[in-house]
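Engineer:
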Amino acid sequence: MSHTSESDSEIISDLSPDYEAVETLLSVGPADVEPARELTFARNVFLPLTTACRYTCTYCTYFDPPGEATLMSPAEIRDAVRIGVDAGCTEALFTFGDEPDKRYEKLYDQLNQWGHDSLHSYLREACEIALDEGLLPHSNPGDQTHEQMAAVADVNSSMGVMLETTADVDAHAGPRAKTPAQRCTTIRNAGELAIPFTTGILIGIGEGWRDRAESLLVLRELHERYGHIQEIIVQPVVKNERWRGETPDLQTLRRVTAMARYCLPDDVSVQVPPNLAPVRELLDCGIDDLGGVSPITDDYINPSYAWPAVEELREIAASADVPLSERLPVYDRYLPPSVRQLTESEESQSAPERTWVSPRICQAIASGHWNHQQ
Ligand code: SF4
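Counting in the numbering used here, the sequence shown runs from 127 upward without gaps.
Here it is, written out as C-alpha cells:
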C-alpha cells in the first residue's frame, strides 16, 4: 500500500510556519527559558512487535531486512508483559518499523497463520494481551492511515511517531523513502481521532537550524488545531554501526531543547531521552520529562545505550533540585477526573473537553496494579 496521497503533499504547505515565527524561534537560547519545576518519567516494558520496516533510514539499527526480521508471538508478548507487571511497569511500549512491504512475505504468512490479515489487526490482539495482563499500551507503528489508527485507538492509552524533521534529508533517501508529509498526516490523523500523542524531532540527521525551527512550529500548529500532543521528544542521533555522520554536540542540544520549550505551550512536555543525551546539562533548557525507561528490557531502537536505573533519574532530579514523579503513558490531563493519578494537580486541571481515552483504557487505569503499590 502506498502511503503517499494528494493530501499528504498538501499538508506541509498547509502547516508551514510564517517567516517571522521561524526567525523569532531561531533567536531563542537557553537563557530565554525557565528550568522545569518538576521532572516525570514512565516505567515501561519495551516490546519490539516486529523489526520489519519498509524503509532503510541510514541512522537506524532497528530494522531488519526480509528473512531476518522478527515478529513477536502472542506467547512472547504475554510473557514479556507479565515480567513488566512484576517489575512495576505501567506501559507496554509496542515498537515497529513502518508498514512492511511485500518483500516481507514470511512475516505476512505468519500473520495469516495467526488469523490476521494485517499488522494492525495483530497489534490489536497484542494490545488486548497487554490490557488483560494489566499494562497500558502505547504503540508506535510508524505512519498510519486514519483507518489503521482508528482500528487500534480504543486499545491504546496513547500513541506516537517521531516527526523527526520537516526537511527532506539524505538519511531518509532510498527506494522507499519516508517523507515529512506522511509523518505530519499521521500526527494529524491522531488529532482527528483524539488520541493523546507523543512525537518529536531527531537532531543531526542532515537538517539545519531553520528546519529545526520549522519542525517545532509545525508540531505546535498541529497541537493548536487538535490539542493532542502530550510531549515532544528532542532526540539526538547517536553513533551506531549504520550511522556514518556526526552526533550533535552539547551546545546544539542545549539550543534546540530551549527552542522546543520556548515554542510549545506549557502543557506540552519537553522530553530528552536520558540514555541518549547528557540530560543533566540540559535541565536548565526546559526539560520536564525523562521519558519512558524500562527496568527490564533494552532500548531496542538504540541497543547500545542502556536505560538509566530509576535511582539515576532520582539523582538527575536531585541535581536540579526538583521532584521526580512517575506518570502513566497517557498524561493526566487527557483522563477523566475519576481516574487521574497525580492528585495534587487534579484541582488545577479542568475536565477534558474531548473524550481522549476509551472506557476500556479508563477501566485499566482504575484497576491498575500501580494503584495498590503506593
Ligand atoms: S527509523 Fe523507523 S522508518 Fe526508518 S528504518 Fe528505522 S524503523 Fe524504519
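We put the CB at the ideal spot given by N, CA and C, even for glycine.
Can you give the Cα-Cα distance for G268 and P306, rounded to whole angstroms?
Structural biologist: Answer to the nearest angstrom: the Cα atoms are 12 Å apart.
Engineer: Rounded to the nearest angstrom, what separates S233 and I358 at their Cα positions?
Structural biologist: Strictly speaking, residue 233 in this sequence is Leu, with Ser absent from that position. Taking the straight line joining both Cα atoms gives about 32 Å.
Engineer: Could you please go through the chain and list the residues whose beta-carbon is closer than 5 Å to any non-hydrogen atom of the ligand NAP?
Structural biologist: This structure lacks the ligand NAP; its bound ligands are the ligand SF4.
Engineer: Do you know how far the Cα of R346 is from the Cα of L141?
Structural biologist: The straight-line gap from Cα to Cα measures roughly 10 Å.
Engineer: Using 8 Å as the Cβ pair cut-off and three pairs as the minimum, do the segment 420-434 and the segment 169-186 touch?
Structural biologist: At 8 Å Cβ cutoff, the stretches touch.
Engineer: Measure the CB-CB distance between L262 and P399 and report whether it falls below 8 Å.
Structural biologist: No, the Cβ-Cβ distance between L262 and P399 is not below 8 Å.
Engineer: What are the start and end residues of the alpha helix (DSSP H) that includes M198?
Structural biologist: Where M198 is concerned, there is no enclosing alpha helix (DSSP H), given that its DSSP letter is neither H nor E.
Engineer: Provide the residue(s) that pair with R238 in DSSP beta bridges, ordered along the chain.
Structural biologist: For the sequence presented, residue 238 should be read as Asn rather than Arg. Per DSSP, none; premise fails for N238.
Engineer: Contact check, R208 vs E259 under 8 Å by CB: the rounded distance?
Structural biologist: Contact holds; Cβ gap of about 6 Å.
Engineer: Scan the segment 202-275 and note each continuous alpha helix (DSSP H) run of 4 residues or more that stays entirely inside, going in chain order.
Structural biologist: Qualifying alpha helix (DSSP H) stretches, in chain order: 231-239, 245-259.
Engineer: Would you please state the rounded distance, in angstroms, between the beta carbons of L343 and A178? I believe it to be under 8 Å.
Structural biologist: So it is not a contact: roughly 33 Å between Cβ atoms.
Engineer: Mapping the DSSP letters down to three states, classify D414 as helix, strand or coil.
Structural biologist: Coil.
Engineer: Can the beta-carbon of P161 be found less than 8 Å from the beta-carbon of D410?
Structural biologist: Yes, Cβ-Cβ distance for P161 and D410 is below 8 Å.
Engineer: Is the separation between the beta-carbon of T176 and that of F222 shorter than 8 Å?
Structural biologist: Yes, these two residues count as a Cβ contact at 8 Å.
Engineer: Could you check the C-alpha separation between E136 and H498 for me, to the nearest Å?
Structural biologist: In a straight line, the C-alpha of E136 is about 49 Å away from that of H498.
Engineer: Within 10 angstroms of the Cβ of P429, are there 16 or more other Cβ atoms? Answer buried if so, exposed if not.
Structural biologist: Its Cβ having fewer than 16 others within 10 Å, P429 is exposed.
Engineer: Please state the DSSP three-state secondary structure of I422.
Structural biologist: I422: coil per DSSP, three-state reduction.
Engineer: Whole angstroms is fine: what's the gap from G317's alpha carbon to T481's?
Structural biologist: Approximately 12 Å, taken between the alpha carbons.
Engineer: Locate the alpha helix (DSSP H) running through S341, then write down its first and last residues.
Structural biologist: Taken as a continuous stretch (DSSP letters only), the alpha helix (DSSP H) holding S341 covers 335-352.
Engineer: Would you mind working out which of S445, H242, T378, I487 sits nearest S464, comparing C-alpha positions?
Structural biologist: If we check each option's Cα against that of S464, I487 comes out closest.
Engineer: Taking C-beta to C-beta, are V364 and T383 nearer than 8 Å?
Structural biologist: Their beta carbons are not under 8 Å apart, which means V364 does not touch T383 by this criterion.
Engineer: Determine the contact status of L416 and L165, defining contact as a CB-CB distance below 8 Å.
Structural biologist: Contact: yes.
Engineer: Compute the beta-carbon to beta-carbon distance between M288 and R338, rounded to the nearest angstrom, for a pair I have assumed lies under 8 Å.
Structural biologist: Between R338 and M288 the Cβ distance is about 13 Å, and since that is not below 8 Å, they are no contact.
Engineer: Which residues does DSSP pair with I359 in a beta bridge?
Structural biologist: The partner list for I359 (beta bridge, DSSP) reads G326, Q397.
Engineer: Would you give the residue range spanned by the alpha helix (DSSP H) that A384 belongs to?
Structural biologist: Here the alpha helix (DSSP H) through A384 covers 376-389.
Engineer: Counting pairs of Cβ atoms below 8 Å between the segment 264-280 and the segment 310-324, do you hit three or more?
Structural biologist: Judged by Cβ distances under 8 Å, the segment 264-280 makes contact with the segment 310-324, as three or more pairs qualify.
Engineer: What residues are listed by DSSP as bridge partners for G286?
Structural biologist: Paired residue(s): T324.
Engineer: On the three-state DSSP scale, how would you describe N497?
Structural biologist: Looking at N497 - three-state DSSP - the assignment turns out to be helix.
Engineer: R309 lies in the alpha helix (DSSP H); which residues open and close that run?
Structural biologist: 306-318 is the span of the alpha helix (DSSP H), which, as asked, contains R309.
Engineer: Between which two residues does the alpha helix (DSSP H) carrying V148 extend?
Structural biologist: 145-152 is the extent of the alpha helix (DSSP H) around V148.
Engineer: According to DSSP, is P449 part of a helix, a strand, or is it coil?
Structural biologist: P449: coil per DSSP, three-state reduction.
Engineer: Using DSSP bridges, identify the partner residues of P174.
Structural biologist: Paired residue(s): T221.
Engineer: V483 and Y460 - do their beta-carbons sit closer together than 8 Å?
Structural biologist: Going by C-beta atoms, Y460 is nearer than 8 Å to V483.
Engineer: Tell me, please, which residues DSSP counts as bridged to F167.
Structural biologist: For F167, which the question treats as bridged, DSSP gives the partners E452.
Engineer: Do T324 and G286 have their C-beta atoms within less than 8 Å of each other?
Structural biologist: Result yes, Cβ atoms of T324 and G286 sit closer than 8 Å.
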